[in-house]
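First the structure, in the form of structure tokens, and then the observations on it.
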Amino acid sequence: MTRSQADVVVIGGGAAGIAAARRLHEAGRDVLLLEARERLGGRGFTRVDPLGGPIDLGCGWLHSGDVNPWTEIAGRAGLAVDRSLAPWSRPGMGLGFTAEDAASFAAAREAFQARLSGLVAQGGDAPASQALEPGGRWNGLMSAIYTYVSGGEIGRISARDLDNYGDTGANYRVAGGYGALIAGHGEGLAVAFGCPATLVDHSGARIRIETAKGATEARQVVVAVPSALIADGALRFAPDLPEKREAAAGLPLGLADKLYFALDRADGFEPDSRAFGRHDRTATAAYHIRPLGRLLVEAYFGGDCAEALERGGEGAFADFALGELAGLFGEDIRRRLTPLAMHPWRRDPFARGSYSFALPGRTGDRAALGAPVDGRLFFAGEAVSEHDYSTAHGAYRTGVAAADAAVAAAGPAGRLDAIQSQS
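Using our numbering, the first residue of the sequence shown is number -17, and each one after it goes up by one.
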């Protein structure tokens, strides 16, 4: 720890924490950002590979790109944003589908969405799996897609929460990496790296934050860590905040992992094409082939399938993907693919998963987790976003909102005298 105190401490250097710290800094507050890793970005993580170039091992798509604040930030930073259609927005379902199959799946997907909205309109909540057609031909693939979207199995996902998600349908990419864009937005901020916070003691006039490198004090704190760290008690509060732990438990982190392969030769594959390993089961991967025209294959794994593969290590992911791709394109494809990189998000101690979904009946936990405490503790992150959860732009917006709330609570002079005199 390089500093023993600050006006405001922000815990967590992902998209939400960086957004909060930047906003506070611009408001003239003395802010210190605590980051457990030796890098910024959190679950936005770009790695530059000698063969593949910049590859996003975490979030990779600027969802709702036409209104996504990171799109504007990328423009100001001079970073190229690709606005071409995402593979799932192109006609058809991708390689391995006939036109008839694609039309059949599209109809099934539309019917699922209508039943989902119907469930929500009835009031209450239910598992999203109740919107599947009993015995439907496409239930396996439909469920697989939702493991990529939500990170969890469809039977555990709240129908109401899924229906709440807002999406304009515009999906962009940052050629140099989404994670690099997020990390770059933190440039110039005061950051203490390698400082996982373990305790926020808000019992006194000043808040004391215990970290692996010592303690620091602040008047206000913005907590911007994944919900799993609060639910699991990796970050504790004194006095305890059981309502925060309970809310975080209702917003578990699903799992969506990616593995990149270098592709030898482009022949046979159009840029930005897509394939699914299997069409008849949930435990399958999705393959984005030649993203941005590069000689890469980006393999997506979600839910229980990703959980099981993480237990087997990176080799298990490669073996699974190569087996599915050989089944689609023949055994020769194995010789054309070289595994490059992945990041096991469940095993990452500072993430413990990929992004949040709400359990059935727990959509209100997003607001409960995000509610400020005593005008001194503020909470941000994708998990507290009602409509943009699971996204870096949802995290960004909650970070800005938490920073603005902290500034407002502190008063025009950026002090807490009024709040403290009432306590």
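A virtual CB, placed ideally from N, CA and C, is assigned to each residue, including glycine.
Taken in chain order, the whole alpha helix (DSSP H) runs of length 4 or more contained in the stretch 190 to 238 are 209 to 213 and 224 to 231. Comparing alpha carbon positions, the residue from 224, 88, 269 and 257 closest to residue 242 is 269.
Of all alpha-carbon atoms in 326, 256 and 345, the one lying nearest the alpha-carbon of residue 72 is that of 256. Across the structure, residue 218 and residue 86 are spaced so that their CA atoms are roughly 50 Å apart. For residue 153, the enclosing beta strand (DSSP E) starts and ends at 153 to 156. Cβ-Cβ distances below 8 Å link residue 148 to 46, 369 and 370 in the same chain, with the five nearest sequence neighbours on each side left out; the list follows chain order.
Looking at the backbone, the Cα of residue 319 and that of residue 53 are separated by about 32 Å. Assignment of residue 104 by DSSP, reduced to helix, strand and coil, places it in the coil class.
Boundaries of the beta strand (DSSP E) harbouring residue 269: 268 to 271, taken from the DSSP string. Nearest Cα to residue 180 within the set 3, -11, 198 and 240: 198. Following the DSSP letters along the chain, one finds residue 278 inside the beta strand (DSSP E) bounded by residues 278 to 284. For the 8 Å CB-CB criterion, residue 339 and residue 76 do not form a contact. Rounded to the nearest angstrom, the gap between the Cα atoms of residue 253 and residue 315 is 17 Å. For residue 247, the CB contacts under 8 Å within the same chain, skipping 5 residues up- and downstream, are 277 and 318 in chain order. Residue 177 sits close to residue 18, with the two beta carbons spaced by under 8 Å. The stretch 296 to 315 and the stretch 191 to 208 do not touch, with fewer than 3 CB-CB distances between them shorter than 8 Å. Within the same chain, and ignoring the five residues on either side of residue 107 in sequence, the residues whose Cβ sits closer than 7 Å to its Cβ are 140, 141, 142, 342, 343 and 345.
Residue burial annotation: residue 237 is buried, with at least 16 other C-beta atoms found within 10 angstroms of its C-beta. Note that the C-beta distance between residue 34 and residue 244 is below 8 Å. For residue -4, DSSP records a beta bridge to 23.
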